[in-house]
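In what follows, a structure is listed as structure tokens, so that the remarks can point back to it.
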Amino acid sequence: MKILKVFNNNVSLVLNDDNIEEIIMGKGVGFNKRAGDAIDAVLIEKRFVLEGNNSVSNLDNLLSRIDIEDIELASDIIQLGEAELEQSIDDAILLTLSDHIGFVLNRAAEGLQMRSPLEWDIKQIYTKEYAFALKAVQMMREKTGIEIPDQEAAFITLHFVNAYNSTSNMNETMLTTKIIQSIIDIIKYHYGKEYDETSYDFTRFITHIRYFVKRQLDKEVSSNEDSSLINLIAVNYKQDYQCAVKIKTFLEQQYDWTISNDELMYLTLHLNRLSSNQ
């Protein structure tokens, strides 16, 4: 492992033994080091592998505009997020979040505010991640002395949701958010009531919907068309089945998806659990 660039005493860009670029962090990893020097692996506390979308040209472009303070702040936020959200975070978030933090700080210093068009949806769908993102915003305020608006939490939420899966991208994450909100709207209209979005039952239902949408986007569609069990479900849980069919029709018409009987059955059962408990 050899150094390509030293950011400061504790952060360096290196080329590992597999010829893949990484950003490493640890006390003293860059102290008195120059390009070409070897690194003592014992000093490394955190490693961020830079591959996939982070090509060399993209990396150079990003690093030319990202301040080391923003990278360190992003690293602190990521470490807190991994602990609080109990999720595996894709390493690529370090640079994208650092870049975003720099953009946020520049806007805030100029008194400019931006809102995500999906802010309300993000609060509903990713309640745990949004609550953490508000803490991240407060951390940014304390460490920079800049008054950053709470609205930035929506953008940070999407960065973390996107980082849960290294195969996803921000466009897919935003599409998933939009689809989930449409499903929630159908449910509220069908049952004619609002739901406690902080409740365990609602959160569990949203988790099911997130995986359901993810499977569809990844084209992991069940081919089981056995109608015997779904017919029984349709009779025993009539209202919930009708709602599930509305969701199925919407998704097939809007996104040209194929919703199997298995998916329709499980969706009906989850709707029954949600509607019965709230």
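For reference, each letter of the sequence shown is one residue, going 1450 to 1727 in the numbering used here.
The beta carbon of each residue, even a glycine, is placed where N, CA and C say it ideally should be.
{"query": "In DSSP terms, what N1457 is bridged to", "result": "V1460"}
{"query": "Identity of the residues DSSP links to I1472 by a beta bridge", "result": "L1462 and F1497"}
{"query": "Residues bridged to A1487 (per DSSP)", "result": "K1451"}
{"query": "Pick from N1459, K1697, R1722 and Q1702 that is closest to N1710, judged by C-alpha positions", "result": "K1697"}
{"query": "Option nearest K1572 by Cα separation, candidates D1548, V1610 and K1592", "result": "V1610"}
{"query": "Residue from L1678, I1679 and D1645 whose Cα sits closest to the Cα of S1724", "result": "D1645"}
{"query": "G1501 burial status per 10 Å Cβ neighbour count (16 or more: buried)", "result": "Only weak support is given to the placement of G1501: the predicted model assigns it a pLDDT of 49, under 50, and the value that follows is read from those uncertain coordinates. By the 10 Å Cβ count, G1501 comes out exposed."}
{"query": "C-alpha distance - E1621 paired with Q1665, whole-angstrom precision", "result": "12 Å"}
{"query": "Distance between L1607 and M1623 (C-alpha atoms, nearest Å)", "result": "8 Å"}
{"query": "Range covered by the alpha helix (DSSP H) that runs through F1480", "result": "Note, F1480: premise wrong, no alpha helix (DSSP H); not H, not E."}
{"query": "Inter-stretch contact (C-beta, 8 Å, three-pair minimum) for the region 1689 to 1708 and the region 1634 to 1649", "result": "yes"}
{"query": "L1723 (DSSP reduced to helix, strand or coil)", "result": "helix"}
{"query": "CB-CB length for L1713 against D1689, believed under 8 Å", "result": "No, L1713 and D1689 are not in contact; Cβ-Cβ is about 11 Å, not under 8 Å."}
{"query": "Selection from L1543, T1593, Q1536 and Y1649 that minimises the alpha carbon distance to Y1613", "result": "Q1536"}
{"query": "M1474, buried or exposed, once every other Cβ within 10 Å from all chains shown has been counted against 16", "result": "buried"}
{"query": "S1707, buried or exposed, once every other Cβ within 10 Å from all chains shown has been counted against 16", "result": "What sits at residue 1707 in the sequence shown is Thr, not Ser. Exposed, because fewer than 16 other Cβ atoms sit within 10 Å of the Cβ of T1707."}
{"query": "M1588, enclosing alpha helix (DSSP H) - first and last residue", "result": "T1576 to T1593"}
{"query": "Contact belief for N1457 with I1527 at Cβ below 8 Å, rounded distance in angstroms", "result": "No, N1457 and I1527 are not in contact; Cβ-Cβ is about 18 Å, not under 8 Å."}
{"query": "Span of the alpha helix (DSSP H) around Y1649", "result": "Y1649 to L1666"}
{"query": "Whether M1588 touches I1550 by CB criterion (8 Å)", "result": "no"}
{"query": "Closer than 7 Å: E1518 CB and nearest the ligand MN heavy atom", "result": "As presented, the structure is devoid of all ligands, the ligand MN included, so that no description of it is given."}
{"query": "Segment contact, 8 Å Cβ cut-off, at least three pairs: the region 1519 to 1526 with the region 1555 to 1571", "result": "no"}
{"query": "Residue burial classification, E1669 (beta-carbon count within 10 angstroms, cutoff 16)", "result": "exposed"}
{"query": "Length of the line joining the Cα atoms of I1655 and K1592", "result": "34 Å"}
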